[in-house]
Amino acid sequence: MLKEAIFHTNDIPYLFSVSENEVKLRIRTKRDEIASCIVVHSDRYVAPGNGTALHLNKVASTVLHDYFETIIYTKVRRLRYQFLLTDLQGAQVWYGEYMVSESREAAGYFHCPNIANADDGSPPSWVKDAIVYQIFPERFNNGNQAINPSQTRSWTSNEPLEYCSFYGGDLQGIIEKLPYLHMLGVNVVYLNPVFESPTNHKYDTTDYYKIDPHFGDLNTMKELVRIAHSLQIRVVLDAVFNHAGDQSAEFQDVVAHGENSRYKDWFHIASFPIVQSPIPNYEAFGMNTPSMPKLNTRNPEVIEYLIAVAKYWIHEVGIDGWRLDVANEVDHAFWRRLRQEIKSIDRELLLVGEVMHRSGSWLRGDQFDGVMNYILRDVMVDFFAKQTITVRMFMDRVDEIRMEYTDYAQDAMFNLLGSHDTLRFLTACSKSVWGWHDKYEQSRMMLAVLFQFSYTGMPVIYYGDEVGMTGGEDPDCRKPMVWQESEQNKELFAYYQSLITVRKTNIALREGEYQRWFVNEAMNTWGIIRSHPQQTIGILFNNSPNVSPIEIAELNNINVKSIQQLFGSAKLCLENGTIVGELPPYSGTVITLY
1 MLKEAIFHTN DIPYLFSVSE NEVKLRIRTK RDEIASCIVV HSDRYVAPGN GTALHLNKVA
61 STVLHDYFET IIYTKVRRLR YQFLLTDLQG AQVWYGEYMV SESREAAGYF HCPNIANADD
121 GSPPSWVKDA IVYQIFPERF NNGNQAINPS QTRSWTSNEP LEYCSFYGGD LQGIIEKLPY
181 LHMLGVNVVY LNPVFESPTN HKYDTTDYYK IDPHFGDLNT MKELVRIAHS LQIRVVLDAV
241 FNHAGDQSAE FQDVVAHGEN SRYKDWFHIA SFPIVQSPIP NYEAFGMNTP SMPKLNTRNP
301 EVIEYLIAVA KYWIHEVGID GWRLDVANEV DHAFWRRLRQ EIKSIDRELL LVGEVMHRSG
361 SWLRGDQFDG VMNYILRDVM VDFFAKQTIT VRMFMDRVDE IRMEYTDYAQ DAMFNLLGSH
421 DTLRFLTACS KSVWGWHDKY EQSRMMLAVL FQFSYTGMPV IYYGDEVGMT GGEDPDCRKP
481 MVWQESEQNK ELFAYYQSLI TVRKTNIALR EGEYQRWFVN EAMNTWGIIR SHPQQTIGIL
541 FNNSPNVSPI EIAELNNINV KSIQQLFGSA KLCLENGTIV GELPPYSGTV ITLY
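Following the UniProt record's numbering, the numbering of the sequence shown begins with 1 at its first residue and continues without gaps.
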């Protein structure tokens, strides 16, 4: 037994509350080594030695490790516990706070002094039902040409897209298309920044309290939220609290008055006077972008100002949450304070951070509900689009991501295939990116969408993906939305629409436990199960150009008497307890297991 691979800590994500009297325990071991994992637990104030034994189930596997979990119920809301591990050769060890040992006493005990449900970080209750649609406002729809910026291009212009181009998208344009979004089936819209700014992307905010005049005004924003809510669509706005715009009144005051400015400590300034070119003498976003001076989120005045901004738009307009830009470059203390303030208004308000890497330190229940799940997107690009990893590598990487977080955080993830900062997924599947081409580009994207909608967390659609829009890296991924029906991909739209309906009408896809089902590396097929007390659903995938035969005899201890196909074109049936049939190339199917 490789003792060095065994790991647990009495902290997130290896121990966390799931209800007032329940905790989930998680332990890591070497892959394919442990035959049995048992936890022995008791009240930590009872004399040690005995306790209740519970088996842990293997729930995930990565390249190196297996993970086991169980849920412990306790009336007293406190625990003392040890693990007993048995390997495939029958060797046993105890594992506790002190060590891994053959001696139970020497191993020691882990402790959970208080099951603090108030600290669980549970997200809004609606996240499991959410279907999110991301809108880049300047490129979605032009509903009020009277407020167009100067030199606004024609919506269907063939001119090369530039970083500084304007097409006239606005809030009225979004209002006009809310029925379209309702018809598609989405119930949350996330808008990129809408506050005053000189650019098309609005990430260099001039005034946090003012809607950009080329987008509309406060009344337009209120109307958008009102109509969206009437259609049961929630609205999430984008907060840029890492940096401001260099045209903001606060930064311009520093430019004008230098060390005498009352705002000089709002920013990270190395010297005076302000120098913007060739390299700014102040901290700025990214690679010294002078138009985006970094805010000092340790400054008490900045903290109070930004929190007041966040609360203002909740109270004044009625938004349903915030997506927080460049969240990984802002102090954790600021995010903790922001969460306290926002959740004190309403725990149903959503907080999602933009973090493009592993995000455990932001998802401990004290900062964000979830993050934009870019690392899951990376795995999907590698597997479905680039096809550079095997099905087992794909599943291992997905499991590794899952084990980074609590169940609550996983439920609140923004699971995206693309965004305003990435090339579009359909383009990622194409010759223009990786130097090869096949007839299955759309099919591979559709298979990725099926996984996206079958997985835990909130599926996020980047505007236009549902009608087949293509585009490379920024700014090419920010083209104007295609509204001409003759240029829209109707097959893809119908696919999204049907899949949204399937997810909405099957509780297991929204709330069920996720687990592996089977893997066939030779055929590049695999399956997952979403299990819920009311329903069990299996999802089968074929990520290969060949028709793949299916024969599944092991049904994860589920006594299957019949199956019903909910989605997909596969031909499947149940013969003597075995699911048999075939999957077309680059396709998947969703079935209910009875």
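Yeah, the Cβ is synthetic: ideal placement off N, Cα and C, and Gly gets one too.
Confirm, please, whether the CB-CB distance from residue j to residue i is below 8 Å.
i           : j    : result
V560        : L574 : yes
P213        : I147 : yes
F195        : L324 : no
R337        : I314 : no
V18         : M458 : no
V590        : I539 : yes
L171        : T205 : no
S454        : L416 : no
V236        : V309 : no
L79         : V23  : yes
L426        : Q442 : yes
S301        : W266 : Residue identity differs from the one stated: residue 301 is Glu in this sequence, not Ser. Their beta carbons are under 8 Å apart, which means E301 touches W266 by this criterion.
D378        : R339 : no
F383        : N543 : yes
G360        : Y408 : no
A333        : G370 : no
L191        : K479 : no
I38         : L84  : yes
G169        : Q145 : no
L350        : D399 : no
Y594        : S562 : yes
H243        : K294 : yes
G418        : Y374 : no
residue 618 : A60  : Outside the displayed range of the chain (1 to 594) lies residue 618, so it cannot be described from this structure.
V460        : G318 : no
F110        : N10  : yes
V326        : F285 : yes
N50         : R77  : no
T289        : V330 : no
Using 7 Å as the cut-off, classify the Cβ of residue i as near or not near the heavy atoms of the ligand COA, replying yes or no.
i    : result
R516 : Among the components modelled here there is no ligand, and therefore nothing to report on the ligand COA.
Taking the beta strand (DSSP E) that residue i falls in, what are its first and last residues?
i    : result
H315 : Premise fails: H315 lies in the alpha helix (DSSP H), 300-317, not in any beta strand (DSSP E).
H41  : 34-42
Y190 : 188-191
S61  : 57-61
F322 : Before going on, a small fix: residue 322 reads as Trp here, not Phe. Counting along the chain, the beta strand (DSSP E) containing W322 begins and ends at 321-324.
F334 : Premise fails: F334 lies in the alpha helix (DSSP H), 332-345, not in any beta strand (DSSP E).
F285 : Note, F285: premise wrong, no beta strand (DSSP E); alpha helix (DSSP H) at 285-288.
A249 : No beta strand (DSSP E) holds A249; the alpha helix (DSSP H) holding it covers 249-257.
G245 : Segment: none, G245 is in no beta strand (DSSP E) and carries neither H nor E.
D87  : 79-87
A239 : 234-239
E582 : 578-583
W362 : No beta strand (DSSP E) holds W362; DSSP gives it neither H nor E.
Y95  : 92-95
Could you check where the alpha helix (DSSP H) with residue i kicks off and where it finishes?
i    : result
Y455 : First-last for Y455: undefined, no H or E at that position.
A228 : 218-230
Q172 : 171-176
What does residue i pair with, by DSSP beta-bridge criteria?
i    : result
Q565 : I591
L25  : L15, T70
P459 : N415
G370 : V352
E196 : D207
Q387 : Answer is none; Q387 lacks a bridge partner.
Y263 : Answer is none; Y263 lacks a bridge partner.
Y282 : I269
K294 : H243
H65  : K30
L2   : Its beta-bridge partners do not exist; DSSP assigns none.
F7   : R28
Give, in chain order, every unbroken run of the beta strand (DSSP E) that is at least 3 residues long and sits entirely within the segment 408-450.
414-416
Hey, which unbroken runs of the beta strand (DSSP E) at 3 residues or more fall wholly within the segment 470-524?
Counting only runs of 3 or more, we get 513-520.
Let me know the beta strand (DSSP E) ranges lying completely inside the segment 527-576, each 3 residues or longer, listed in chain order.
535-542, 548-552, 563-567, 571-575
Does the segment 86-96 come close enough to the segment 43-54 that 3 or more CB-CB pairs lie under 8 Å?
no
Taking only runs of the alpha helix (DSSP H) that begin and end inside the segment 97-138, which ones reach a length of at least 4 residues, in chain order?
104-107
Would you say the segment 497-505 touches the segment 107-127, given that touching needs at least three Cβ pairs under 8 Å?
Result no; under three Cβ-Cβ pairs closer than 8 Å.
With contact counted as at least three CB pairs below 8 Å, one residue from each stretch, are the segment 178-188 and the segment 216-234 in contact?
yes
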